[in-house]
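> Line by line, the protein sequences are chains A and B.
Count along the first sequence from 1, then add 1; that gives the number in the numbering used here.
Count along the second sequence from 1, then add 1; that gives the number in the numbering used here.
In this text, a Cβ means the ideal position worked out from N, Cα and C, and glycines have one as well.
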Amino acid sequence: MLGTLTELTSVVLQEGTQAGAQPAIPEESGTAIGLGIAVGLAGLGAGVAERGIGAAAVGAIAEDSIGLGTALVLTVLPETLVLLALVVAFVA
Amino acid sequence: MSAAEGSNPEYVTARVRSRRRKLFDEDQYRDLVRMGPSEIARFMEETEYGEEINRMGARYSGVDLIEYALNRNQARHFADLLRFAEGRLYDLIARYLRKFDDWNVKTVVRGLYSDAAPEEIRSDLILAGELDEGDVDELIDAGSVEGVVEALEGTVFGEGLEAAYADFEATNSLVPVENAIDRAFYESLLRGLQGGGEAVGPATELYVEFLQAEVDFLNVRNALRTARTGAGLDPGDYFIEGGRLFSASELSTLAENTDELVARVRESTYGDELDEALDGLEDAASLVEFETAVDRALLAYADRLSSRYPLSVCPVLAYIVAKEREVTNIRAIARGKEAGLSPEEIEEELVT
Numbered sequence: 002m003l004g005t006l007t008e009l010t011s012v013v014l015q016e017g018t019q020a021g022a023q024p025a026i027p028e029e030s031g032t033a034i035g036l037g038i039a040v041g042l043a044g045l046g047a048g049v050a051e052r053g054i055g056a057a058a059v060g061a062i063a064e065d066s067i068g069l070g071t072a073l074v075l076t077v078l079p080e081t082l083v084l085l086a087l088v089v090a091f092v093a
Numbered sequence: 002m003s004a005a006e007g008s009n010p011e012y013v014t015a016r017v018r019s020r021r022r023k024l025f026d027e028d029q030y031r032d033l034v035r036m037g038p039s040e041i042a043r044f045m046e047e048t049e050y051g052e053e054i055n056r057m058g059a060r061y062s063g064v065d066l067i068e069y070a071l072n073r074n075q076a077r078h079f080a081d082l083l084r085f086a087e088g089r090l091y092d093l094i095a096r097y098l099r100k101f102d103d104w105n106v107k108t109v110v111r112g113l114y115s116d117a118a119p120e121e122i123r124s125d126l127i128l129a130g131e132l133d134e135g136d137v138d139e140l141i142d143a144g145s146v147e148g149v150v151e152a153l154e155g156t157v158f159g160e161g162l163e164a165a166y167a168d169f170e171a172t173n174s175l176v177p178v179e180n181a182i183d184r185a186f187y188e189s190l191l192r193g194l195q196g197g198g199e200a201v202g203p204a205t206e207l208y209v210e211f212l213q214a215e216v217d218f219l220n221v222r223n224a225l226r227t228a229r230t231g232a233g234l235d236p237g238d239y240f241i242e243g244g245r246l247f248s249a250s251e252l253s254t255l256a257e258n259t260d261e262l263v264a265r266v267r268e269s270t271y272g273d274e275l276d277e278a279l280d281g282l283e284d285a286a287s288l289v290e291f292e293t294a295v296d297r298a299l300l301a302y303a304d305r306l307s308s309r310y311p312l313s314v315c316p317v318l319a320y321i322v323a324k325e326r327e328v329t330n331i332r333a334i335a336r337g338k339e340a341g342l343s344p345e346e347i348e349e350e351l352v353t
């Protein structure tokens with residue numbers, strides 16, 4: 002993972018020096034990259050939140066103290082984060 | 002993050018909380034107190050204990066059936082906890098469950114001392130700790146208190162037991178031996194956590210806090226017992242290290258004066274949380290009332306810790322304590338009924 006990252010940076014850096022005038026990342030693509038990062042991070046956050054909730058929900062189902070429906074709803078609640086990020090992505 | 006050290010507190014606490022809620026409540030105890038032994042067994046068949054009651058029903062009856070089912074059920078539930086938990090959490094729970102090794106060793110010693118039949122001793126064991134059936138059988142086969150002390154040489158219990166055995170021979174009382182076992186358990190548990198170069202994370206800190214509370218309450222109880230029985234024993238001799246509240250010498254002086262002892266507990270960190278239980282302690286006239294009040298205080302403290310730190314080892318410990326209490330309660334009801342106590346007298350013994 003780290004190895005590929007350094008390779009990538011060196012490739013980008015070389016491209017920059019060789020092409021001279023041309024930036025490595027075209028200016029107009031900045032928004033798209035920003036949106037990608039935003040949605041990706043939102044997804045990551047939702048995943049982290051769902052990990053705990055999911056584990057607890059399965060535990061509670063195993064003990065018959067809540068139904069599958071309740072457990073599912075509770076588990077996917079953090080998914081709203083990703084939806085909001087998508088809204089932002091479409092609006093921008 | 003909760004994923005730290007590979008443990009899964011979310012899953013375990015969800016299961017444990019649900020089980021905690023299914024324990025008997027006051028109404029059920031009120032019903033139970035009015036039943037006879039066979040009715041209690043039938044009532045238990047409808048609950049969590051059904052599996053054990055059905056399995057043991059053919060071989061035992063009456064109070065023995067209840068007792069056997071309670072111990073088996075307890076062992077099964079605690080083994081479940083270990084099955085659920087992973088990583089650091091598993092480690093902490095496993096360490097705590099060694100408490101039942103302590104219980105089993107004490108049971109064997111008591112049984113051999115009173116010349117009980119091996120079968121009777123076996124029915125009182127709770128095999129939730131590290132010693133399995135074979136290990137405990139070996140202890141039972143040792144045949145005498147001396148044999149048990151020898152068999153335990155080299156274990157955590159070994160060192161203290163040898164010294165205690167000399168006391169036992171001199172006084173012919175089991176108190177020193179039992180105390181040595183308790184002391185070996187708590188002190189090795191706390192020492193293993195605090196020293197040993199192990200990193201003390203937040204989870205471990207809470208764990209230590211809970212254990213310190215347990216040690217403190219155990220010290221209070223031991224002090225009162227030795228002081229009230231008036232056998233000329235010094236409570237300081239039976240002091241267990243590791244608590245936060247007392248030192249050995251303080252305990253000796255405090256034990257003589259119940260009011261001062263209660264005042265001391267009230268001023269401590271437990272004070273704010275335990276006001277109600279402590280009022281009970283002050284009013285308690287008899288030793289029994291005092292002891293149930295101490296148990297209630299520990300239960301309240303465990304619950305408080307578990308709602309304050311929901312994703313820690315605390316809810317699990319609170320569950321273990323509550324489950325133990327439930328088993329003790331049902332046993333008290335069954336034995337009380339057998340001995341012909343009135344419902345009111347039995348209710349006094351219950352800790353809810």
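#1: Closest Cβ-Cβ distance between TYR97 of chain B and chain A: below 7 Å?
#2: Taking Cβ positions, are VAL146 of chain B and VAL110 of chain B nearer each other than 7 Å?
#3: So, is ILE34 of chain A buried or exposed, given that buried needs 16 or more other C-beta atoms within 10 angstroms?
#4: Which same chain residues, not among the five before or five after PHE169 of chain B, have their C-beta less than 8 Å away from its C-beta?
#5: Would you mind stating whether ALA47 of chain A and VAL83 of chain A have Cβ atoms separated by less than 7 Å?
#6: Going by CA-CA distance only, name the one from B:VAL64, B:GLN29, B:TYR50 and B:GLU68 that's closest to ALA340 of chain B.
#7: Distance, Cα to Cα, GLY243 of chain B vs MET45 of chain B?
#8: Inspect the beta-carbon positions of PHE218 of chain B and VAL150 of chain B and report whether they are closer than 7 Å.
#9: Which ranges would you report for the alpha helix (DSSP H) in the region 28-93 of chain B if only whole runs of at least 4 residues count?
#10: Work out the CA separation of ILE122 of chain B and ASP116 of chain B for me, nearest whole Å.
#11: Determine, for GLU64 of chain A, whether the minimum Cβ-Cβ distance to residues of chain B falls below 7 Å.
#12: Which residues in chain A sit within 9 Å of GLU52 of chain B, going by Cβ to Cβ distance?
#13: One question on the structure: do ILE54 of chain A and ALA61 of chain A come within less than 7 Å of each other, judged by their Cβ atoms?
#14: Measuring CB to CB, does ALA42 of chain B end up less than 7 Å from LEU66 of chain B?
#15: Distance cutoff 7 Å, beta carbons only. Does THR76 of chain A sit that close to anything in chain B?
#16: Measuring only between beta-carbons, confirm whether ARG123 of chain B sits less than 7 Å from chain A.
#17: Would you grab the beta carbon distance between PHE141 of chain B and TYR187 of chain B for me? Rounded to a whole angstrom, and I think it's under 8 Å.
#18: By a C-beta neighbour count over all protein chains shown, 10 Å radius and 16 as the cutoff for buried, is LYS23 of chain B buried or exposed?
#19: Taking Cβ to Cβ, would you say ASN258 of chain B is nearer than 7 Å to ALA56 of chain A?
#20: Which same chain residues, not among the five before or five after ARG327 of chain B, have their C-beta less than 7 Å away from its C-beta?
#21: Output yes or no for whether 7 Å exceeds the beta carbon distance between PHE158 of chain B and ALA185 of chain B.
#22: Tell me which residues of the region 8-35 of chain B have at least one Cβ-Cβ distance to chain A shorter than 9 Å, keeping chain order.
#23: What does the alpha-carbon distance come out to for the pair THR71 of chain A and VAL137 of chain B?
#24: Comparing C-alpha positions only, which one of B:MET57, B:ARG73, B:LEU82 and B:ARG56 sits nearest to GLU11 of chain B?
#25: So with Cβ pairs under 7 Å, would you call GLY60 of chain A a contact of chain B?
#26: Is there a Cβ of chain B sitting closer than 7 Å to that of ALA57 of chain A, yes or no?
#27: Distance, Cα to Cα, ILE334 of chain B vs THR353 of chain B?
#28: By the three-class DSSP mapping on this structure, what secondary structure does ASN330 of chain B have?
#29: If you follow the alpha helix (DSSP H) that THR76 of chain A is in, where does it begin and where does it stop?
Per the coordinate set shown:
#1: No, no contact with chain A.
#2: For VAL146 of chain B and VAL110 of chain B, yes; Cβs fall inside 7 Å.
#3: Exposed: under 16 other Cβ atoms inside 10 Å.
#4: Around PHE169 of chain B: VAL146, LEU175, PRO177 and VAL178.
#5: For the pair ALA47 of chain A and VAL83 of chain A, the CB atoms are nearer than the 7 Å cut-off.
#6: Closest option to ALA340 of chain B, Cα to Cα, is B:VAL64.
#7: C-alpha separation (whole angstroms): 38 Å.
#8: The Cβ atoms of PHE218 of chain B and VAL150 of chain B lie no closer than 7 Å to each other.
#9: The qualifying runs are 38-46, 51-57 and 63-85.
#10: Their Cα atoms are separated by approximately 10 Å.
#11: Among the CB atoms of chain B, one or more fall inside 7 Å of the CB of GLU64 of chain A.
#12: Under a criterion of Cβ atoms nearer than 9 Å, no residue of chain A is adjacent to GLU52 of chain B; the nearest Cβ is some 15 Å distant.
#13: In this structure, the beta-carbon distance from ILE54 of chain A to ALA61 of chain A does not fall below 7 Å.
#14: Result yes, Cβ atoms of ALA42 of chain B and LEU66 of chain B sit closer than 7 Å.
#15: No, because no Cβ of chain B sits closer than 7 Å to the Cβ of THR76 of chain A.
#16: Not an interface residue.
#17: Going by the sequence as given, residue 141 of chain B is Ile instead of Phe. About 24 Å separates the two Cβ atoms, so there is no contact after all.
#18: Note on LYS23 of chain B: under 16 other CB atoms within 10 angstroms of its CB, so exposed under the neighbour-count rule.
#19: Here ASN258 of chain B is not near ALA56 of chain A, since their CB atoms are 7 Å or more apart.
#20: Per the sequence shown, the amino acid found at residue 327 of chain B is Glu instead of Arg. Exclusion of the five residues before and after GLU327 of chain B leaves LEU24 and PHE25 as the residues of its chain whose Cβ lies within less than 7 Å of its Cβ.
#21: In this structure, ALA185 of chain B lies closer than 7 Å to PHE158 of chain B by Cβ.
#22: So the close ones are ASN9, PRO10, GLU11, TYR12, VAL13, THR14, ALA15, ARG16, VAL17, ARG18, SER19, ARG20, ARG22 and LYS23.
#23: Taking the straight line from one Cα to the other gives about 45 Å.
#24: Checked all of B:MET57, B:ARG73, B:LEU82 and B:ARG56; the closest Cα to GLU11 of chain B is B:LEU82.
#25: Interface criterion met: the Cβ of GLY60 of chain A is under 7 Å from a Cβ in chain B.
#26: Judged by the 7 Å Cβ criterion, ALA57 of chain A is in contact with chain B.
#27: Distance between the alpha carbons of ILE334 of chain B and THR353 of chain B is about 13 Å.
#28: Note: ASN330 of chain B maps to helix in three-state DSSP.
#29: 69-77 is the extent of the alpha helix (DSSP H) around THR76 of chain A.
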